[in-house]
Structure formats: C-alpha cells, structure tokens
Amino acid sequence: MVNINTKFHLKKMDSGLCCNNIVLIGFMGSGKNSIGALLAQKLGRIMLDCDSLIEHNVQMTIKDIFKIHGEHVFREYESKLVDWLACNVQNAVIATGGGLPIFTHGINRLGVVLYLDVDFDVILQRLTDEERAKRPLFADIDKAHALYQKRAALYQHIATHSLDANVSCEEIVHKAWCLLKEKGLI
Ligand code: S3P
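Take 17 as the starting number for the sequence shown in the working numbering and just add one per residue.
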C-alpha cells in the first residue's frame, strides 16, 4: 500500500484554528467546482478544489489512483487532505470530491457546509462523456444512479444547509450568497 505520509507532502503550519471556509458538497457533476469558482470570485476568496490538490500532490490523475492503488488509497488521501485543510486554510471556498464527505469524518471542521442538491437526470445532462470518463465511479450509469440514491440522504444529513441546485450556475451562486448573508456567515 502507498505510504501516504511520503506521497502526500503537505506541511502543517498551525493547529487548532476554527475554520470559516465555505465547503461545497454534492454528487459528481453537481457543479461544485463551477459554483465554487464563481462564489469565490464574488466573495473575493480563493477557491480550492480537493480533487486537483490530490492530483497535484501525488502527481497522478484520480483515474490512475483508483486503477493502480484502489479507491481506499484515494479515500486516505482525501482524509489526509481534510486534516491539512482544517489546520491550514481559512476564508476559502472549498470544492470537495463527491465521496469526500461520505468517507471522511468531520468535514464540518472546515466551516459551513453547503450541499448542492441536483437531480440525477440533470447531472446526466450536464456531464459530457469526457467528463464522465474522468470519474471511475461514473463509468456505469446504473451503478452511479444507485450510488446517488444511497448518498443523497447522507449529503443532506452532513450539510449545514442544502441548496436546490437544478438551476443555472448564476442562480445557484446568488442563492448561496443570499443564504450565507442571511445566516451572517459572510
Ligand atoms: C468521487 C467524485 C469525484 C472524485 C472521485 C470520486 C465520488 O469528484 O473525487 O472520482 O466518490 O463521488 P467530483 O465530485 O468532483 O466528480
């Protein structure tokens, strides 16, 4: 098995911070990255994409991590990344991978958690074949649908707030902004 401590070089700078990040969770293709980028721009914050951080740190694509080392190793990278984010990152918008909040304990340590709730049919319309091919857990549509059904309630449970994200990116960003403002979180 890959030794995460040697493969995953992230230096811890501080500990015990109370995080005020905005964390986006949701199924594959729910728009976490697109919404995250727009929301970060609107708020003047930086956006961090967990999948890209892992890919850069281990110098492998997610597809290859799954193929060569297996899903369990990818989940360990995610877990390690969340520990690092909790100690080092403030004021960011964080886009998670679809399985991260399910497999990693205590994502709420990072800040307010927003669930982008999108119907499976809408996700299918949004994802191109190329985008689906990058996602090992979306190789089979029926299996992806079953996974979606299994996870939907968990996302609801984990999130601080859920947003109906079946609308345009601009509308979702507007809704997220209004919600965060109303709750005094921005
Ligand atoms: C996964 C979602 C992917 C990526 C990996 C596993 C999942 O991220 O982390 O392929 O378990 O749902 P996106 O949600 O950005 O597609």
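Idealized CB from N, CA, C, for every residue including glycine. Note that this is a predicted model, so its numbers are computed, not measured.
A Cβ-Cβ distance of about 5 Å is found for the pair Gly113 and Asp67, placing them in contact under the 8 Å criterion. Distance from Leu130 to Ile202 at the Cβ level is roughly 12 Å; contact not present, criterion being Cβ atoms closer than 8 Å. DSSP places Asn182 in the coil class of the three-state scheme, outside both helix and strand. The stretch 43-51 makes contact with the stretch 137-144: 3 or more CB pairs, one atom from each, lie closer than 8 Å. Beyond the five residues adjoining it in sequence on each side, Asp65 comes within less than 6 Å, by CB distance, of Asn49, Ala111 in the same chain, given in chain order.
The beta carbon of His173 is closer than 7 Å to none in its chain, skipping five residues each way along the sequence. Selection Leu170, Val138, Leu163, Ala162 evaluated against Thr120 yields Leu170 as nearest (Cα-Cα). By the neighbour-count criterion, in which a residue is buried when 16 or more other Cβ atoms sit within 10 angstroms of its Cβ, Val109 is buried.
Straight through space, the alpha carbons of Asn107 and His161 are spaced by roughly 34 Å.
Here the alpha carbons of Lys197 and Ile157 stand approximately 37 Å from one another. At the C-beta level, Asp180 and Asp137 stay beyond 9 Å of one another.
Closer than 8 Å to some heavy atom of the ligand S3P: that describes the Cβ of Gly45. Going by DSSP, Val129 is part of no alpha helix (DSSP H) but of the beta strand (DSSP E) stretching over 127-133. Taken through DSSP and simplified to helix, strand or coil, Ile174 comes out as helix.
Closer than 8 Å to some heavy atom of the ligand S3P: that describes the Cβ of Lys48. DSSP places Asn73 in the uninterrupted alpha helix (DSSP H) bounded by 66-74. Fully enclosed beta strand (DSSP E) runs of no fewer than 3 residues occupy 109-111 of the stretch 87-128, in order along the chain. If you draw a straight line from the Cα of Gly122 to the Cα of Gly60, it is about 26 Å long. For Ile38, the enclosing beta strand (DSSP E) covers residues 37-41.
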